[in-house]
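One structure is given here, and the rest of the page talks about it.
Dropping the structure here:
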């Protein structure tokens with residue numbers, strides 16, 4: 290009976306370790322291998338024309354895994370884009386890999402950089418409302434300024450520092 294349990298545990302360990310190797314490589318691992326292949330010491334030295342689409346696809350897959358933050362959500366997004374092995378998903382991963390390395394001017398659905406529509410929300414460039422001083426922003430600032438002045442005056446009146454003379 291013990292040997293059966295040991296055999297099952299060994300098989301389970303082998304299967305899980307094999308499954309772990311099927312998981313997506315990290316972005317850092319992919320970048321390291323690309324740089325090692327081209328003897329580059331920094332990313333700017335990579336020659337994008339020497340990187341095959343299969344590596345861009347793997348890098349894009351790793352990038353997507355990093356962006357969504359979990360393999361379950363990543364699988365759902367893969368399914369929405371056509372499922373594993375589909376041409377549309379493969380093309381999307383290639384575009385994401387090329388965008389990650391700034392190897393293309395193609396924008397795809399992401400824009401010229403990696404998710405630029407998200408960067409405005411994350412405060413990378415500037416807040417999304419800051420496209421100029423529009424009327425709503427100016428009136429909001431003036432309104433809060435007026436409210437602050439009125440509160441200070443009210444406090445001064447209540448403490449007796451400002452006296453209001455009564456008419457006769």
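In my numbering, the protein residues as written are 290 to 457. Think of the CB as a built atom: it goes at the ideal place given N, C-alpha and C, for glycine as much as any other residue.
With distances taken between CB atoms, is the gap from residue i to residue j smaller than 7 Å?
i, j, result
"residue 377", "residue 370", "yes"
"residue 372", "residue 345", "no"
"residue 451", "residue 445", "yes"
"residue 383", "residue 342", "yes"
Return the CA-CA distance between residue i and residue j, expressed in angstroms with no decimal places.
i, j, result
"residue 356", "residue 333", "22 Å"
"residue 526", "residue 430", "For the chain, the structure presents residues 290 to 457; residue 526 sits outside this window and is missing."
"residue 315", "residue 364", "16 Å"
"residue 338", "residue 432", "57 Å"
"residue 359", "residue 292", "37 Å"
"residue 353", "residue 438", "50 Å"
"residue 435", "residue 441", "10 Å"
Which class does residue i belong to by DSSP, given the choice of helix, strand or coil?
i, result
"residue 447", "helix"
"residue 361", "helix"
"residue 370", "coil"
"residue 377", "helix"
"residue 384", "helix"
"residue 331", "coil"
Going by C-alpha to C-alpha distance, which of the options sits closest to residue i?
i, options, result
"residue 393", "426, 427, 340, 425", "340"
"residue 336", "428, 425, 390, 457", "390"
"residue 374", "331, 388, 347, 361", "347"
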